[in-house]
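With mature numbering (1 follows the signal peptide of the UniProt record, and there is no 0) applied, the sequence shown covers -19 to -1, 1 to 235.
C-beta atoms are modelled at their ideal positions from N, C-alpha and C, and glycine is treated no differently.
A short worksheet on the structure shown next.
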Amino acid sequence: MRVQSTTFTALLSVAAVNAQGSFTEWHPAGAGDSRGPCPGLNTLANHGFLPHNGRNFTLDIVKKGLRDSFNFTDALTEILFKAAITTNPVAGAQTFGLDTLSTHNILEHDASLSRCDKFFCEDFISFNATVFAKTKADWTGDNVDVQMAANARINRINESKKNNPDFKFSAVATQASASEGAAYLLGFGDRATSTAKKELLVYFFENERLPVELGWKTPSQEITPTDLGSFTAAIIKATPAQAARRDGMVAKHF
């Protein structure tokens, strides 16, 4: 029995390192597994495109995982990976994990679309239905466009800025929050119309699962650094276009 148990543990370890991924197989985090503030990477770990334990992601692992799932180019993944390894506290580290991404105010930030600010919640890493309900309310059509993405982003920023006495929003957070909107429009949307079906986005955020059963497929076109950059810029540009006002507070545009 001990030999069988040891063998099973070894097989699990190998499977965790050699993530293959499946669009239909889905397993949420279990005992000892790590998940973080990024619903996209959590989802890929749940599907096995990234190691299910959520730890020690190398560049090669992340390249394959993002290419096989969302059709990200290696060039784009290299940029994202370079940012992600800054969350690893070990000097010179060339890996990161969903646990390291949870460090507050490096890449994880206040005013998330689906997470509570750290000031208000002990668990600021897991999905928060109350916060996400506000995001859904800002997605006012069946198809979410750039303006709706900008509205959801700025409304969360303004709400946090008003109510969170420890609110911080660095230049990195400013860029990251816009890039997050760009990523979900590109990953789940129609590039020609710059829109994504709301039902796909809601399913993804609420379940941390790829919405295959709703008809989603991997984007046929590669997603490049230029694509992410242009959609990010479009969201930032769309932000001043709305006269955002919440609870009598005029928005400061980011």
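Discussion item. Here's a check: name, in chain order, each residue in its chain whose Cβ is nearer than 7 Å to the Cβ of Asp119, leaving out the five neighbours to either side.
Written reply: Excluding sequence neighbours, Asp119 sits near Met129, Asn132, Ala133, Asn136.
Fill in: Buried/exposed call for Glu194, threshold 16 Cβ in 10 Å
The Cβ neighbour count for Glu194, taken over all protein chains shown within 10 Å, is under 16; the residue is labelled exposed.
Discussion item. Restricting to Cα atoms, I'd like to know which of Asn52, Val125, Val43 is closest to Lys198.
Written reply: Cα-wise, what sits closest to Lys198 is Asn52.
Worksheet entry | Which of helix, strand or coil DSSP assigns to Ile106 | Ile106: coil per DSSP, three-state reduction.
Item to complete: Return the residue from the list Gly168, Cys102, Ile138 that minimises the CA-CA distance to Lys115.
Response: Among Gly168, Cys102, Ile138, the Cα nearest to that of Lys115 is on Ile138.
Worksheet item: Rounded to a whole number of angstroms, what is the C-alpha to C-alpha distance between Thr220 and Gln156?
Response: In a straight line, the C-alpha of Thr220 is about 13 Å away from that of Gln156.
Worksheet item: Closest to Thr58 by CA distance: which of Gly46, Lys218, Thr68 is it?
Response: That would be Gly46, whose Cα lies nearest to the Cα of Thr58.
Item to complete: Between the Cα of Glu189 and those of Asp49, Gly2, Gly35, Phe108, spot the shortest distance and give me the residue it belongs to.
Response: Closest option to Glu189, Cα to Cα, is Phe108.
Worksheet item: Mind checking Asn144: buried by the 16 CB within 10 Å criterion, or exposed?
Response: When all chains shown are included, Asn144 counts as exposed.
Worksheet entry | Three-state secondary structure (DSSP) of Lys143 | When DSSP states are grouped into helix, strand and coil, Lys143 belongs to the helix group.
Fill in: Element boundaries [alpha helix (DSSP H), containing Lys44]
Lys44 -> alpha helix (DSSP H) spans 40 to 51.
Fill in: Whether Ala163 touches Phe105 by CB criterion (8 Å)
No, the pair does not count as a contact, with Cβ atoms beyond the cut-off.
Discussion item. For the structure I just gave you, are there three or more beta carbon pairs, one from the stretch 28 to 48 and one from the stretch 1 to 18, closer than 8 Å?
Written reply: By the Cβ test, the stretch 28 to 48 is in contact with the stretch 1 to 18, since at least three Cβ pairs between them sit closer than 8 Å.
Discussion item. With the cut-off set at 8 Å, would you say Phe30 and Gly73 are in Cβ contact?
Written reply: Cβ distance not < 8 Å, so Phe30 and Gly73 don't count as in contact.
Worksheet item: Whose C-alpha, out of Phe62, Asp49, Asp55, Ser95, is nearest the C-alpha of Phe185?
Response: It is Ser95.
Discussion item. I'd like to confirm the pairing. Which residues does DSSP put opposite Gly170 in its beta bridges?
Written reply: According to the DSSP secondary-structure assignment, Gly170 is paired through a beta bridge with Ala177.
Practice prompt. Can you say whether Thr176 is buried or exposed, counting buried as having 16 or more other CB atoms within 10 angstroms of its CB?
Written response: By the neighbour-count definition (other C-beta atoms within 10 Å, threshold 16), Thr176 is a buried residue.
Discussion item. Less than 8 Å between the C-beta atoms of Lys63 and Gly122, yes or no?
Written reply: No, they are not a contact pair.
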